[in-house]
Amino acid sequence: MKHLICDSVYSNDVVIPSLIRETDHVELLTGYSPVSGYDLERVESVHLPYSTDWYGVWSGERGITDDVDDASIPFMYYGSDKDEIVQNMIEAIQIAQPLKPQYGVLHACNANFDELLCRTYSDSDSKILSAFAEMMNEVASSFGGDMPFELALENLWWPGMRMVDTACYRFLESHLEFDNWSICLDTGHLLIAAGGSDSESESIELLNHIVDGYQKDVLDRIRVMHLHNNTSRLFARSFVAPDDFCELGHIGRYSAAYRFICELDQHRPFTDPSIVGFVERISPEFVNHEMGAVDPLERVSDYNIQRSLFKKDYI
């Protein structure tokens, strides 16, 4: 089992690789420009760029608001139409190829800008995953029918792949036309999708309960884990959205939702050693201790708290 910390090409610091154990590595969030000025020897994997409402543009059901400039379009929708979405996804994969990643994480979900502050959604999982499979099959065809490196598809709480059960996995299994993919199980996102928790012990109990329903072939497909804890159920239940939220443009709505998302998806370290048993029952090859602190020293500190629980891997 290999242990990683998350970092980003958009960070101003490049100190993260020097602050973690020599045996550990980095999962690096990449973008649409070549990676430079980073200790690439420590990069084990990548997290491909994500967007918010690519489905709205892909399906034609929702458009781009006037406050979104051209430079922001790939990060908000992947592109301004189907062809551009596919081309930008191809470009993102090509940008990551020189890093020779063991895998590239990709969000298999979508969020309607109107519903960023909601806990129920108008788009169904199957509708999002059908469009996602169509999009990624087109991308794969440009690489000769399969991806140049493994795509680790990540669950979220928005419509798409939520992993509260195995229905979403079965859907992708029957709709993706390429083989080089796996699951990146994000524990924090899974907790939110399942209704949340108020304590660490409750989080671990809930995670184990969900995974009890996974069949062996699903467990075998979980090659990557994003490990972190959220205890934000009370916050989610008490949050009230601003009255004027849907009057804002998409940039305005995303900015207004940022605090809500950060409070909901806390990315805190587990401190209870029993989380190790949960991870080991799945036995992913890669565990990204995905801490949310912006300050690199605080992020590494949280990383070390959780990382130290895995004593037999702490050589």
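For the sequence shown, this note's numbering gives the first residue as 110, with consecutive numbering after it.
All C-beta atoms, glycine included, are put in the ideal place defined by N, C-alpha and C.
Apart from the 5 residues on each side of it in sequence, I199 sits with its Cβ closer than 6 Å to the Cβ of V248 and S251 in its chain, given in chain order. The C-beta distance from H359 to H112 rounds to 37 Å, too long to meet the 8 Å contact threshold.
Judged by DSSP secondary structure, L418 falls outside any beta strand (DSSP E); it is assigned neither H nor E. One alpha carbon belongs to Q203, the other to K209, and they sit about 10 Å apart. Secondary structure at L128: helix, using DSSP grouped into helix, strand and coil. D295: member of the beta strand (DSSP E) spanning W290 to D295, first to last residue.
Within the DSSP bridge table, the entry for R377 names N338 as partners.
Pairwise C-beta distances place the stretch 270 to 281 out of contact with the stretch 336 to 355, as fewer than three of them are shorter than 8 Å. Between the stretch 282 to 293 and the stretch 256 to 267 there are three or more inter-stretch CB-CB distances shorter than 8 Å, so the stretches are counted as touching.
By the Cβ-count criterion, A180 is exposed, with fewer than 16 other Cβ atoms from all chains shown falling within 10 Å of its own Cβ.
A straight line joining the alpha-carbon of A303 with that of M110 spans about 27 Å. Relative to P268, the option among M334, P207, W163 and R346 whose CA is nearest is W163. Under the three-pair Cβ rule at 8 Å, the stretch 128 to 146 does not count as touching the stretch 319 to 327. Cβ atoms of L238 and L281 come within 8 Å of each other, at about 6 Å. In this structure, F354 sits away from L157, with a CB-CB distance that is not shorter than 8 Å. The shortest CA-to-CA distance from V144 to any of H134, T161 and S120 is the one to S120. As summarised for the stretch 187 to 240, the continuous beta strand (DSSP E) elements at least 3 residues long and confined to that stretch are 213 to 216, given in chain order.
The three-state reading of DSSP puts D321 in coil, since its state is none of H, G, I, E or B. By the criterion of a C-beta distance shorter than 7 Å, D176 is surrounded in its chain by G358, H359, I360 and G361, once the five residues flanking it on both sides are discounted.
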